[in-house]
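**Student:** The structure that follows is given in the form of structure tokens.
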């Protein structure tokens with residue numbers, strides 16, 4: 001228990017992890033580039049919202065902040081699809097009471113920092129820029145932004161939770177023999193546009209859903225905020241044809257594009273042109289690396305070791321799950337970091353890779369398949385099978401979102417489910433007879449048996 | 456023709472490219488970290504040898520150095536496999552006169568530098584460390600190692616040929632939006648051991664072959680040098696079981712390993728233990744990235760943009776082919792760099808990716824398949840088909856090694872050839888009747904027709 005721990009980065013994962021460590025009695029110092037958000041507010045003003053699901057909630061519970069966050073989180077029970085005529089359809093995420101929760105990144109971060117600050121064994125150092133780490137001596141270098149003074153610190157243990165552009169990961173990469181790394185960008189950018197609250201403070205569109213305007217090759221989505229607004233996000237190719245950011249430059253182009261593809265959104269986005277011109281077009285990157293550790297002294301977590309695209313709503317959730325699993329390993333290895341850190345780095349990347357793949361896969365689902373009757377039919381049959389065989393069949397989306405099954409197992413199971421539905425959807429008249437067609441059950445039982453054989 | 460060009464890195468690709476540019480009248484300055492190898496010799500003493508094949512020779516011809524290099528290159532007409540009892544088998548690379556050529560990296564580099572230095576419009580600046588590049592202004596920063604003085608230079612055009620650990624690529628990565636990058640290491644290392652010349656200066660094993668000791672999961676190879684020696688290279692997993700570098704620490708372990716797996720090599724490696732202990736264990740990395748350019752002002756080439764594993768003998772050849780193709784584009788676009796550089800960066804990475812994949816694939820072939828009778832049978836039938844239908848069938852290895860077919864087309868064709876041989880090798884009694892079995896021809900004709908349909 002003598003370990004002195006430094007966490008680099010007081011974002012979501014860093015502050016949650018600090019709380020878990022502090023609860024076990026460790027002495028933790030957190031260094032953060034930005035100023036204290038409790039005083040400074042969050043850069044960029046408007047908060048980005050994220051979807052918290054079961055994996056995230058479990059970490060919030062461990063940290064002891066679940067009830068507080070739950071109060072300002074808005075449940076979304078399903079997807080609400082808007083077609084080009086403004087017609088709506090609804091697709092539940094799971095069973096009746098199952099939901100993912102829209103939370104504000106900034107608000108959540110402030111709650112976690114407040115909670116961490118209640119612990120005497122946690123100290124925050126805001127406004128400190130990490131310049132690098134010397135792996136040999138485990139020495140961190142920081143610059144205090146207020147006066148430019150440089151600090152050198154040599155803790156027993158370092159956790160790098162400094163995000164997708166991690167300085168700790170950069171130095172791990174530069175100085176680790178055989179460090180595998182990839183950063184891969186989609187040809188798409190995204191841009192946020194605000195759907196403000198109505199004059200009476202209520203939501204302008206149905207609040208308890210994640211709204212999607214699926215348009216095949218691109219889409220817009222919107223998640224509710226507690227102040228009555230929605231954050232809308234347009235995902236669109238950078239280049240190529242009329243439907244691309246490169247060809248949405250003039251007011252006329254932007255208005256024409258929204259009138260053509262998202263006509264029902266125009267009345268609820270009063271400042272569209274201003275928003276569109278002022279808000280940046282951001283990139284979508286997948287980052288993978290391996291190993292995540294340097295010996296038993298340094299570990300990178302969250303976006304620092306695995307940044308993913310947002311289409312499965314699992315970026316934050318997977319980072320929080322890092323904390324849950326690592327916390328569990330402290331018990332498993334009786335606090336022996338020389339075992340915990342290598343063990344985590346050896347096992348967890350497989351799950352990070354799986355959710356990275358699933359998130360890329362889900363982009364196609366959200367922007368295109370959700371508008372496909374065949375896809376909706378599959379969803380309905382999957383829910384039906386789950387109702388009938390709750391022990392034996394859990395749809396992939398539910399495994400990822402409403403369970404704690406390791407991501408890499410969920411991905412494998414998902415690929416197996418694809419095979420089952422390929423068979424089921426090929427049945428004659430399945431569109432009309434899926435509820436009573438005995439072939440559905442026979443195929444399912446066969447499929448179940450194959451699993452038993454494989455395992 | 457007013458362009459002032461700086462090439463960063465006077466290695467193989469950098470010096471060859473300088474010559475091609477100089478022949479067109481461009482003014483070229485080359486900055487190189489190391490000292491002048493004509494005076495300093497090459498670091499590490501003993502030269503590494505590489506296999507030059509048709510793509511490399513074409514670039515040498517363009518540069519005007521083919522005849523000079525040819526005199527010190529040793530043709531290798533095929534693979535000579537050593538089994539665990541020291542029995543030898545031979546497998547030709549192509550037709551009778553076709554060979555790949557063992558050349559010394561250091562010797563070749565010196566020849567290219569000498570040749571470049573004959574051009575008045577080429578200037579060399581050795582002992583200059585590149586500190587970085589500012590993309591905005593196209594300004595390079597160097598440190599002169601002799602006195603620590605810093606230089607800033609702003610040429611019209613920059614070519615980064617500074618190798619697998621390219622500083623130019625690092626800065627391109629840090630400052631280019633949506634820069635895709637991956638570095639991926641094999642779980643294998645490699646170590647060189649010298650097979651010295653005999654007392655009379657002749658080669659201790661047959662000189663005109665590439666020797667392979669294939670052992671399934673690992674292998675040793677040896678390439679001839681002009682001084683009568685061979686450079687042997689052991690490729691072995693870092694970890695896991697007895698056959699791994701981690702378990703070859705003591706003299707006893709090393710000797711036991713060689714006695715068990717490479718007994719016929721022991722008499723010709725007299726200083727095995729010293730070599731093994733003193734020579735480093737090096738890594739095997741594949742580097743891919745995209746884009747390779749910054750606008751029309753900067754381009755990375757060779758290992759700087761595409762480092763590959765050595766198992767197809769195409770690392771140097773693909774770098775030289777970069778020069779050949781880019782030189783061809785100067786004609787195609789009439790010297791307009793604003794078209795040449797984006798066009799090259801848009802098309803060439805597909806070939807670099809293909810040869811990276813082929814090189815990884817060939818590791819399995821060299822260490823394992825070359826000892827498999829089924830594989831040797833396939834090789835024989837492929838040669839037979841090529842003899843019979845020279846216009847319609849060129850084995851994959853020959854396409855890569857003895858042709859200038861773009862790598863990505865060769866890879867696709869190779870995958871198609873796999874399909875053909877899957878069918879042929881499934882024929883009854885094929886081991887004995889492949890020369891006269893009419894089914895072989897029928898399958899081949901069918902396969903050929905499919906291609907026609909696809910194209």
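Residue numbers (our numbering), protein chains in the order written: chain A, 1 to 455; chain B, 456 to 910. We put the beta carbon where it would ideally sit given N, CA and C, even for glycine. Note that this is a predicted model, so its numbers are computed, not measured.
Hey, how far is the Cα of residue 13 of chain A from the Cα of residue 113 of chain A?
**Tutor:** For residue 13 of chain A and residue 113 of chain A, the distance between alpha carbons rounds to 11 Å.
**Student:** Whole-angstrom Cβ separation of residue 122 of chain A and residue 22 of chain A, contact assumed at under 8 Å?
**Tutor:** Right, their Cβ atoms sit about 5 Å apart.
**Student:** What does the Cβ neighbour count give for residue 545 of chain B, buried or exposed, with the cut at 16 atoms within 10 Å?
**Tutor:** Looking at its Cβ environment, which holds fewer than 16 other Cβ atoms inside 10 Å, residue 545 of chain B is exposed.
**Student:** I believe residue 587 of chain B touches residue 492 of chain B by the beta-carbon criterion, under 8 Å. Please report the beta-carbon distance rounded to the nearest angstrom.
**Tutor:** That pair is no contact at about 24 Å.
**Student:** Taking the C-alpha atoms as reference points, what is the distance between residue 737 of chain B and residue 228 of chain A?
**Tutor:** Approximately 59 Å, taken between the alpha carbons.
**Student:** My assumption, with CB atoms under 8 Å, is that residue 109 of chain A sits in contact with residue 240 of chain A. Please give the rounded CB distance.
**Tutor:** Wrong, their Cβ atoms sit about 36 Å apart, outside the cutoff.
**Student:** Could you list the residues in the region 787 to 799 of chain B with a C-beta less than 8 Å from some C-beta on chain A, going in chain order?
**Tutor:** The residues in question: there are none.
**Student:** Using a beta-carbon distance below 8 Å, is residue 632 of chain B in contact with chain A?
**Tutor:** It does: the Cβ of residue 632 of chain B has a partner Cβ on chain A nearer than 8 Å.
**Student:** Might you give, ordered along the chain, the residues of its own chain that have their beta carbon closer than 6 Å to the beta carbon of residue 861 of chain B, omitting 5 neighbours on each side?
**Tutor:** Counting only Cβ-Cβ distances below 6 Å, and skipping sequence neighbours, we find 806.
**Student:** Can you check the region 612 to 692 of chain B for any beta strand (DSSP E) of at least 3 residues that lies completely inside it and give the ranges in chain order?
**Tutor:** With a minimum length of 3 residues, the continuous beta strand (DSSP E) runs that stay inside the region 612 to 692 of chain B are 612 to 615, 635 to 650, 665 to 669, 674 to 679, 685 to 692.
**Student:** I'd like to check one pair, residue 264 of chain A with residue 86 of chain A: are the Cβ atoms closer than 8 Å?
**Tutor:** A contact, by the Cβ cut-off of 8 Å.
**Student:** Using a Cβ-Cβ distance cut-off of 8 Å, determine whether residue 95 of chain A contacts chain B.
**Tutor:** False, the Cβ-Cβ gap to chain B never drops below 8 Å.
**Student:** Short of 7 Å in beta carbon distance, which residues of its chain neighbour residue 551 of chain B, apart from the five on each side in sequence? Order them along the chain.
**Tutor:** So no residue of the chain qualifies.
**Student:** Roughly how many angstroms separate the alpha carbons of residue 101 of chain A and residue 58 of chain A, rounded to a whole number?
**Tutor:** In a straight line, the C-alpha of residue 101 of chain A is about 13 Å away from that of residue 58 of chain A.
**Student:** Which residue comes first and which comes last in the beta strand (DSSP E) that contains residue 51 of chain A?
**Tutor:** Its beta strand (DSSP E) spans residues 49 to 52.
**Student:** Would you check if the distance between the CB atom of residue 370 of chain A and the CB atom of residue 207 of chain A is smaller than 8 Å?
**Tutor:** No, the Cβ-Cβ distance between residue 370 of chain A and residue 207 of chain A is not below 8 Å.
**Student:** Can you tell which of A/328, A/330, A/160, A/303 has the C-alpha that lies nearest to the C-alpha of residue 317 of chain A?
**Tutor:** Out of A/328, A/330, A/160, A/303, A/303 has the C-alpha closest to the C-alpha of residue 317 of chain A.
**Student:** Just to confirm my understanding: we take residue 892 of chain B, look at its own chain, exclude 5 residues before and 5 after, and list those with CB closer than 8 Å. What are they?
**Tutor:** Cβ neighbours of residue 892 of chain B beyond the five flanking positions: 882, 884, 885.
**Student:** What separation, rounded to the nearest whole angstrom, lies between the Cα atoms of residue 484 of chain B and residue 461 of chain B?
**Tutor:** Taking the straight line from one Cα to the other gives about 5 Å.
**Student:** According to DSSP, is residue 754 of chain B part of a helix, a strand, or is it coil?
**Tutor:** In the structure shown, residue 754 of chain B sits in a strand (DSSP, three-state: E or B).
**Student:** In the region 465 to 550 of chain B, which residue ranges form an unbroken beta strand (DSSP E) of at least 3 residues, counting only runs that do not cross its ends?
**Tutor:** Runs of the beta strand (DSSP E) inside the region 465 to 550 of chain B: 482 to 486, 504 to 507, 529 to 531, 533 to 537, 543 to 547.
**Student:** Tell me the residue span of the alpha helix (DSSP H) that contains residue 513 of chain A.
**Tutor:** The question about residue 513 of chain A has no answer here: the residues shown for chain A are numbered 1 through 455.
**Student:** Can you give me the C-alpha to C-alpha distance between residue 45 of chain A and residue 117 of chain A, rounded to a whole angstrom?
**Tutor:** A caution first: residue 45 of chain A carries a pLDDT of 40, below 50, which makes its placement in the model too unreliable to give a value.
**Student:** For the region 177 to 199 of chain A, which residues have a beta carbon sitting closer than 9 Å to at least one beta carbon of chain B?
**Tutor:** Those residues of the region 177 to 199 of chain A that come within reach of chain B (Cβ to Cβ, closer than 9 Å) are 177, 178, 179, 180, 181, 182, 183, 184, 185, 186, 187, 189.
**Student:** Beta-carbon of residue 508 of chain B versus every beta-carbon of chain A: anything under 8 Å?
**Tutor:** No, its Cβ sits nowhere closer than 8 Å to a Cβ of chain A.
**Student:** Return yes when the Cβ of residue 378 of chain A is within less than 8 Å of the Cβ of residue 311 of chain A, no when it is not.
**Tutor:** Taking 8 Å as the Cβ cut-off, residue 311 of chain A and residue 378 of chain A do not qualify as a contacting pair.
**Student:** Among the candidates B/647, B/615, B/895, whose CA atom is the shortest distance from the CA of residue 839 of chain B?
**Tutor:** For the residues B/647, B/615, B/895, the minimum Cα distance to residue 839 of chain B belongs to B/895.
**Student:** Beta-carbon within less than 7 Å of residue 849 of chain B's beta-carbon, same chain only, minus the 5 sequence neighbours each way: which residues are those?
**Tutor:** Excluding residues within five positions, the ones whose Cβ falls inside 7 Å are 841, 858.
**Student:** Taking its Cβ as the centre, do 16 or more other Cβ atoms sit within 10 Å of residue 309 of chain A, making it buried, or is it exposed?
**Tutor:** Its Cβ being crowded by 16 or more others within 10 Å, residue 309 of chain A is buried.
**Student:** Just checking: is the beta-carbon of residue 358 of chain A within a distance shorter than 8 Å of some beta-carbon in chain B?
**Tutor:** Taking Cβ atoms only, chain B never reaches closer than 8 Å to residue 358 of chain A, which makes this a no.
**Student:** Taking the alpha carbon of residue 648 of chain B as the point to measure from, which residue in B/675, B/821, B/823 has its own alpha carbon closest?
**Tutor:** Minimum Cα distance to residue 648 of chain B is reached at B/675.
**Student:** Quick one: which chain A residues come within Cβ less than 7 Å of residue 911 of chain B?
**Tutor:** Since the first and last residues shown for chain B are 456 and 910, residue 911 of chain B lies out of range.
**Student:** For the pair the region 177 to 187 of chain A and the region 279 to 293 of chain A, tell me if three or more CB-CB distances fall below 8 Å.
**Tutor:** These segments touch.
**Student:** Going by DSSP, name the residue or residues bridged to residue 743 of chain B.
**Tutor:** B/637, B/761, per the DSSP bridge assignment.
**Student:** Verify whether the separation of the beta carbon atoms of residue 580 of chain B and residue 754 of chain B is less than 8 Å.
**Tutor:** Result no, Cβ atoms of residue 580 of chain B and residue 754 of chain B do not sit closer than 8 Å.
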